[in-house]
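Trainee: Read top to bottom, the protein sequences are chains G and V. Here the first sequence is numbered in the working numbering, starting from 17 and rising by one per residue. Here the second sequence is numbered in the working numbering, starting from 986 and rising by one per residue.
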Amino acid sequence: MGERIREVLPSILSVLLALVVCWVAIALTRDASIATGSYLNMLRGGLGDWPLFLENGRAAVVIRPLGESAIKASLLLLTGLSVAVAFKVGLFNIGAQGQMLVGALAAAVVGAYVELPALLHVPAALLAAALTGAAWALVAAGLKLTRGVHEVISTIMLNWVAVSLVDNWLVVGPLRTGAGTDLSTSGTDQIAVSAALPRLMGDISRLHLGFPLALAVALGVWMWLSRLRTGFEVRAVGLGPEAARAAGIPVARRTAEAMGLAGALAGLAGALLVMGTELRYPGTLGAPYGFDGIAMSLIGGNHPLGVTLSALFFGALRAGGTRMQLLGVHKSFPELIQGLALLFVAGRLVWLSLLRRRLAPVTPTQPQPQSQPRPEVPRA
Amino acid sequence: MLEVLEALLSSTLEYSTALVFAALGAVLSERAGVVNVGVEGMMRTGAFCAAVAALSMPTPLGVLMGMIAGAAMAAVHGYLCIRWRSDQVVSGMALNLVALAGGTYLLESLYGPNGTPPITQLSRWHLPFGLAEVPLLRAFSGHSVLTWLALALPFAFHWVLYRSPLGLRLRAVGEKPHAVATLGLSVQNLRWLAVLGGGALAGLGGAALSTAVLDRFEQHTPAGLGFMAMAAMVFGRWTPRGAFLAALFFAAGNALRIGLASSLPEIKDVVPQGFLLALPYLLTLLLLAIQGQRTHAPAALGVPYEQESR
């Protein structure tokens, strides 16, 4: 069994198994035809209603769902990359949610209260979001580096600090629409038109510049990790900080840089949400894309390409989820598929041992090592 | 003044019950060296199963079902982390995601979006011999048996952990598992015990929410309480009594916040709600920043045990 396949196969099998288990779950609680029907609906909602398109030839029934999938996928991709970059340096970034939240708020504030020409406004808001997200993540990195506080605990705490301060104070208090008046709405003002990410397909789809942007970012992260010296050093630190230190790599600096980048990526996800679809910071950001990022990163093997593929796949499922509601299946159902897939990916060694047993007689020439250490997932 | 204190004390006790159980569950699991970020998911499962079970059987049995459900989630965690040495944080987060989405799906397809139908709450205990009339003591009256259990359990747990052979072994397994193995004891079995017990306690905490605090399972239960329990565990330096006091402290803060918001609405302009909500987490972060490496986390926390490794 090739090394590549050993890397990829557990993820693919996990996703497939999650799809099967969830189908069975619907079949047991409802019945089999509803299960199949809602899966087909999910496909139509995520990849477009091709049968209807072939019937009446209106492109919108295909393009609109694909656009929604791409929007969802770009958010999942950025938070997934955030978690993956942190993994590369040996940190587990559970805080993507909080970093996304503060990033979204920064984008909303710059978008609504700063006046700039369109050419500068979008980059300024994106930059503000990335910097705020990075700063939020650097708190955890700083605590880790100077005080030895485990990043899992500090990022969990920072998530809740962000939720409490932003959702329960800023956007219902000083930053809410019409603050100072008696209006009891929550959420910030609408961002200026110049700060909105331009739509790519006009009125047919909500697809906006965020999707190509996220893909470009993924490519950039990939290039950085695989081609540039700093990226290489970051990976070296993740594989073994002691060895990296001995080789003269500035371990603390690379750790902080990677964690800052992780926060910036999550912050960008928040910016996309605000500048692409919501057009303001709503009363509550709700969607836990930050936590989804953990699933994207691990299902994608912490590799930028893998994260991209898994974000595209689950983006389509998630967009299709709204369509499952037609058959009375809750729209968050794809999140269950995703959660189970993550759970199965966590049992990677189970898969490998099963595969070894199945494939061992076919390739008896080389004995496989007993258990492959997994450098990409650091032990706490 | 006395009535105000009584009301605060009473709502602190009410709110702390679930938090104490979940925090103790987290302490049990982590002292044996298994990270437990899945508390939230285990609580949600426990709360859901307890409420559903209580629809068709006496509520105390429903609470038991909630504990079993929490332990079942923990069994998945244990199977992946103890048997297969998976990453413990990944497994815990996955359980959270599964419980969140799975609970939503089951709730919606079985009972509708708002919650399960109401169940009979656990009966409330009133103090005997006219003690319920004594000022301040009155606050202890009218709570369910679970509240009393939450007040007693931390001390029993403390005794087990620090005074009994089993407790010594559990602590050793979290600090230096190889030392335990050299005594001929099974590291895996001890960890299984702790993980399942921790899951049952988290499930009990969830069950307390849906059978004692509320009278049904609601869509957002437990709304982050599991993570607050983790904060209490860290704040209490991974000890039962410390986690208990931290949970009481957080609960008192919450009772104060709710009490102030309803009796003095203008206080919101002086101290925003968000600050008070963030306080437990900010304090925990602050404590970690001050203590630094002397955080008292078990030495082998998060490290999968392999017989061959040294």
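Note that beta-carbon positions come from the ideal geometry of N, C-alpha and C, so glycine has one too.
#1: Count the other CB atoms within 10 Å of the CB of V:N1174; is the residue buried (16 or more) or exposed (fewer)?
#2: According to DSSP, simplified to helix, strand and coil, what is G:R215?
#3: Span of the alpha helix (DSSP H) holding G:P257?
#4: What is the DSSP secondary structure of V:S1129, reduced to helix, strand or coil?
#5: Do you know offhand how far G:W176's Cα is from G:G114's?
#6: How is G:A51 classed by DSSP in three states: helix, strand or coil?
#7: Counting only the same chain and skipping the five closest in sequence on each side, list residues whose C-beta sits under 7 Å from that of G:S202.
#8: Please report whether the beta-carbon of V:A1007 lies at a distance below 8 Å from any beta-carbon of chain G.
#9: By DSSP's criteria, G:W66 is part of a beta bridge. Which residues make up the other side?
#10: Give me the DSSP bridge partner(s) of G:H224.
#11: Report all residues from its chain with a CB closer than 7 Å to the CB of V:L1046; omit the five preceding and five following residues, and keep chain order.
#12: So, are the CB atoms of G:G119 and G:T95 less than 8 Å apart?
#13: Taking G:G247 as the reference, give the member of G:A272, G:G355, G:A262 and G:A232 with the closest Cα.
#14: Which class does V:W1110 belong to by DSSP, given the choice of helix, strand or coil?
#15: If you follow the alpha helix (DSSP H) that G:L321 is part of, which residue opens it and which one closes it?
#16: Along chain G, which residues have their Cβ under 9 Å away from the Cβ of V:A1079?
#17: Looking only at its chain, what residues have a beta carbon closer than 6 Å to the beta carbon of G:D65, apart from the 5 residues adjacent to it on each side?
#18: What are the boundary residues of the alpha helix (DSSP H) that includes V:W1177?
#19: Pull up the distance between the alpha-carbon of G:Q206 and that of G:V366, whole angstroms please.
#20: Here's the rule: buried if 16 or more other CB atoms are within 10 angstroms of the residue's CB, otherwise exposed. What is G:D219?
#21: Have a look at V:Y1090, V:L1264 and V:R1201 and flag the residue whose alpha-carbon is nearest the alpha-carbon of V:L1241.
#22: Can you tell me whether DSSP reads G:G317 as helix, strand or coil?
#23: Going by DSSP, what residue range makes up the alpha helix (DSSP H) through V:V989?
#24: Taking only beta-carbon positions, decide if G:T45 is within less than 8 Å of chain V.
#25: Return the chain-ordered list of same chain residues with a C-beta closer than 7 Å to the C-beta of G:S387, the five sequence neighbours on each side being excluded.
#26: At the 8 Å Cβ level, is G:N184 part of the contact set with chain V, yes or no?
#27: Using only the alpha-carbon positions, how far apart do V:A1217 and V:A1231 sit?
#28: Quick one: residues in its chain with C-beta nearer than 6 Å to the C-beta of V:T1044, no 5 flanking neighbours on either side, listed in chain order?
#29: Is the beta carbon of V:A1192 less than 8 Å from the beta carbon of V:M1052?
#30: Among all the DSSP beta bridges, which residues are the ones paired with V:G1169?
#31: Specify the secondary structure class of G:G127 as computed by DSSP and reduced to three states.
#32: Exposed or buried, V:N1099, counting other C-beta atoms within 10 Å across all chains shown (16 or more means buried)?
#33: Check distances from the C-beta atoms of the stretch 1238-1262 of chain V to those of chain G and list, in chain order, the residues that come in under 7 Å.
#34: Please say whether V:L1095 and G:T45 have beta carbons closer to each other than 8 Å?
#35: Pop quiz: V:A1187 and V:G1010 are said to be a contact at Cβ under 8 Å. What is the actual Cβ separation, rounded to whole angstroms?
Mentor: In terms of the structure at hand:
#1: By one-based count along the second sequence, residue 1174 of chain V stands at place 189. V:N1174 should be labelled exposed.
#2: Walking along the first sequence from the start, residue 215 of chain G turns up at place 199. Of the three classes helix, strand and coil, the one that applies to G:R215 here is strand, per DSSP.
#3: Translated into the one-based positions of the first sequence, residue 257 of chain G becomes position 241. Here the alpha helix (DSSP H) through G:P257 covers P257 to A262.
#4: Position 144 of the second sequence, counting from 1, holds the residue named residue 1129 of chain V. Of the three classes helix, strand and coil, the one that applies to V:S1129 here is strand, per DSSP.
#5: Here residue 176 of chain G refers to the residue found at position 160 when the first sequence is read from its first residue. Here residue 114 of chain G refers to the residue found at position 98 when the first sequence is read from its first residue. G:G114 has its alpha-carbon roughly 7 Å from the corresponding atom of G:W176.
#6: Counting from one through the first sequence, the residue named residue 51 of chain G turns up at place 35. Here G:A51 sits in helix by DSSP.
#7: Your numbering for residue 202 of chain G matches position 186 in the first sequence. Closer than 7 Å at the Cβ level, and outside the excluded window around G:S202, lie V187, V188, R192 and G299.
#8: As a first step, residue 1007 of chain V must be located in the second sequence, where it is residue number 22. For V:A1007, the closest Cβ of chain G is not nearer than 8 Å.
#9: Working through the first sequence from its first residue, we reach residue 66 of chain G at position 50. Per DSSP, G:W66 has no beta-bridge partner at all.
#10: The count along the first sequence starts at 1 and reaches residue 224 of chain G at position 208. Answer by DSSP bridge pairing, in chain order: G:R215.
#11: Within the second sequence, the letter at position 61 stands for residue 1046 of chain V. Correct list, in chain order: A1038.
#12: As a position in the first sequence, residue 119 of chain G is number 103, starting the count at 1. As a position in the first sequence, residue 95 of chain G is number 79, starting the count at 1. In this structure, G:T95 does not lie closer than 8 Å to G:G119 by Cβ.
#13: Along the first sequence, one-based indexing puts residue 247 of chain G at 231. Of all alpha-carbon atoms in G:A272, G:G355, G:A262 and G:A232, the one lying nearest the alpha-carbon of G:G247 is that of G:A272.
#14: Residue numbering aside, residue 1110 of chain V sits at position 125 when the second sequence is read from its first letter. Residue state, collapsed to three classes: strand.
#15: By 1-based counting over the first sequence, the position of residue 321 of chain G is 305. Element bounds for G:L321: P320 to M340.
#16: By 1-based counting over the second sequence, the position of residue 1079 of chain V is 94. I310, A311, L314, G355, L356, A357, L358, L359, F360, V361 and A362, listed in chain order.
#17: The sequence position of residue 65 of chain G within the first sequence is 49, counting from 1. Excluding the 5 residues flanking it on each side, G:D65 has same chain C-beta neighbours closer than 6 Å at V77, in chain order.
#18: If you number the second sequence from 1, residue 1177 of chain V lands on position 192. Membership of V:W1177 in the alpha helix (DSSP H) is indicated by the continuous run V1172 to A1193.
#19: Position 190 of the first sequence holds residue 206 of chain G. Position 350 of the first sequence holds residue 366 of chain G. Using only the alpha carbons, I get a separation of about 50 Å.
#20: Here residue 219 of chain G refers to the residue found at position 203 of the first sequence. Counting Cβ neighbours within 10 Å, G:D219 comes out exposed, since fewer than 16 surround it.
#21: As a first step, residue 1241 of chain V must be located in the second sequence, where it is residue number 256. Among V:Y1090, V:L1264 and V:R1201, the Cα nearest to that of V:L1241 is on V:L1264.
#22: Mapped onto the first sequence, residue 317 of chain G falls at position 301. Reduced to three states, the DSSP call for G:G317 is coil.
#23: Taking the first residue of the second sequence as 1, we reach residue 989 of chain V at position 4. For V:V989, the enclosing alpha helix (DSSP H) stretches over residues L987 to R1016.
#24: Residue numbering aside, residue 45 of chain G sits at position 29 when the first sequence is read from its first letter. Under the 8 Å criterion on CB atoms, G:T45 is classed as interfacial with respect to chain V.
#25: The residue labelled residue 387 of chain G in the question sits at position 371 within the first sequence. Here G:S387 scores only 47 on pLDDT, less than 50, and its place in the model should not be relied on; the value that follows carries that caveat. If we look at G:S387 and ignore the five residues flanking it on each side, its Cβ neighbours are L365.
#26: Mapped onto the first sequence, residue 184 of chain G falls at position 168. Among the CB atoms of chain V, one or more fall inside 8 Å of the CB of G:N184.
#27: Taking the first residue of the second sequence as 1, we reach residue 1217 of chain V at position 232. Taking the first residue of the second sequence as 1, we reach residue 1231 of chain V at position 246. Approximately 5 Å, taken between the alpha carbons.
#28: Mapped onto the second sequence, residue 1044 of chain V falls at position 59. Setting aside the 5 residues that flank it on each side, V:T1044 is surrounded in the same chain by T1105, L1107 and T1196, each with a C-beta closer than 6 Å to its C-beta; the list follows chain order.
#29: One-based indexing of the second sequence puts residue 1192 of chain V at position 207. One-based indexing of the second sequence puts residue 1052 of chain V at position 67. Closer than 8 Å, so yes.
#30: Start at 1 with the first residue of the second sequence, and residue 1169 of chain V comes out as number 184. Looking at the DSSP assignment, V:G1169 forms no beta bridge with any residue, so it has no partner.
#31: The residue labelled residue 127 of chain G in the question sits at position 111 within the first sequence. Residue state, collapsed to three classes: helix.
#32: For the purposes of this step, residue 1099 of chain V is taken as residue 114 along the second sequence, with counting starting at 1. Per the 10 Å Cβ criterion, exposed.
#33: If the cut-off is 7 Å between Cβ atoms, the stretch 1238-1262 of chain V has P1257, Q1258, G1259, F1260 and L1262 near chain G.
#34: Counted from its first residue, the first sequence places residue 45 of chain G at position 29. Counted from its first residue, the second sequence places residue 1095 of chain V at position 110. A distance below 8 Å separates the beta carbons of G:T45 and V:L1095.
#35: Against the second sequence, residue 1187 of chain V aligns to sequence position 202. Against the second sequence, residue 1010 of chain V aligns to sequence position 25. Their Cβ separation, rounded to whole angstroms, is 4 Å, which keeps V:A1187 and V:G1010 in contact under 8 Å.
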